[in-house]
Structure formats: C-alpha cells, structure tokens
Amino acid sequence: HKACKLLLTLIEEKQLNKDNAHNFFLALRASLEDRHASAKPELRRIYRKLFLSVEANIGAFSDEDSSWIREAFALIAVVRNELFTDDSFVFNKRINFVKKAFLGLGQATVGDQKLVEW
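My numbering puts the first residue of the sequence shown at 3, with every later residue one more than the last.
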C-alpha cells in the first residue's frame, strides 16, 4: 500500500522516464506479487489509480514492459477491481472487455508460459 502511494507520487511528480522505467516496472510487478492484495476493498482505489497513471505514461516503458502492463497488470489492478462495482453499466462494460480479451487469445506460446509462471 505504501509502495503504491510512493509510485503514484513519483508519477505525479513527473519522475518516471525512460531511464528509470524498467526499475519502476519491477516495483509495479513486486506490488502485484500478492495478486489478492489489489482486490482488498481498502486498496482497490489506490491500485486502480496507480495503474491508470502508469498506462497514461506507457511511452516511458520498453515494448516488453508495456505488454506486461497492458496485458497482465491492468487486468489484475484495474479491470478486476472494476468488477466489484454496483454500477451495472461499468460492470457490463468490463465483462464485455474480458470476454473480448478471451476470445482474442490465440495459441499459447513460450512467452505465455512466462506469464503463467509469474
């Protein structure tokens, strides 16, 4: 929780850049090691805000790191948390997003195995 706030503060203060983006990525990844933490009611908002801010600054990250952020981290920290809403419009929008993502999955690759092992 404290790490998320610190990372968010660094983004807000324009401290994220191409030179430190990979270290920032590693910190993001570490913040999601406990994949259930971001779903705790008291932490959902900070995780969502952090990862939306990261997505808004995606250009600082390498292509590989960007893929992880968009394809895995955003699903965990943003989409999943938006499924806890009592707003049926938001819920249906996110369910459709998840359905579309699943339908768009192709054959598994070696790279996909890395994601599963993560």
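Glycine included, each C-beta is placed from N, C-alpha and C at the ideal position.
Counting only the same chain and skipping the five closest in sequence on each side, list residues whose C-beta sits under 6 Å from that of residue i.
{"i": "N19", "result": "A62"}
{"i": "D65", "result": "none"}
CB-CB under 8 Å to residue i, same chain, minus the five flanking residues each way: which ones, in chain order?
{"i": "S67", "result": "Ser is not the amino acid found at residue 67; the sequence shown has Asp there. Counting only Cβ-Cβ distances below 8 Å, and skipping sequence neighbours, we find A23, H24, F27."}
{"i": "A79", "result": "L34, S40, Y49, R50, L52, F53"}
{"i": "A76", "result": "F53, E57"}
In three-state DSSP terms, what is residue i?
{"i": "G108", "result": "coil"}
{"i": "F27", "result": "helix"}
{"i": "K7", "result": "helix"}
{"i": "K51", "result": "helix"}
{"i": "L45", "result": "coil"}
{"i": "E35", "result": "coil"}
{"i": "D67", "result": "helix"}
{"i": "K20", "result": "coil"}
{"i": "N59", "result": "coil"}
{"i": "L12", "result": "helix"}
Since residue i contacts residue j with CB under 8 Å, what's their CB separation in whole angstroms?
{"i": "I71", "j": "V56", "result": "6 Å"}
Go through its chain and collect everything with a Cβ distance to residue i's Cβ below 7 Å, but skip five positions before and after it.
{"i": "L85", "result": "F93, R96"}
{"i": "L45", "result": "H3, A39"}
{"i": "R37", "result": "I78"}
Look at the alpha carbon of residue i and the alpha carbon of residue j, and state the distance between them as a whole number of angstroms.
{"i": "K101", "j": "F91", "result": "15 Å"}
{"i": "I48", "j": "E15", "result": "16 Å"}
{"i": "A147", "j": "T11", "result": "Lying before the first or after the last residue shown, residue 147 is absent from the chain, which here runs from 3 to 120."}
{"i": "K42", "j": "T87", "result": "13 Å"}
{"i": "N98", "j": "D89", "result": "14 Å"}
{"i": "N59", "j": "Q17", "result": "11 Å"}
{"i": "A32", "j": "A74", "result": "13 Å"}
Here's the rule I'm using: 16 or more other beta-carbon atoms within 10 Å means buried, otherwise exposed. How should residue i be labelled?
{"i": "L30", "result": "buried"}
{"i": "L9", "result": "buried"}
For the ligand GTP, any of its heavy atoms closer than 7 Å to the Cβ of residue i?
{"i": "K20", "result": "With respect to the ligand GTP, the structure offers nothing, as it holds no ligand at all."}
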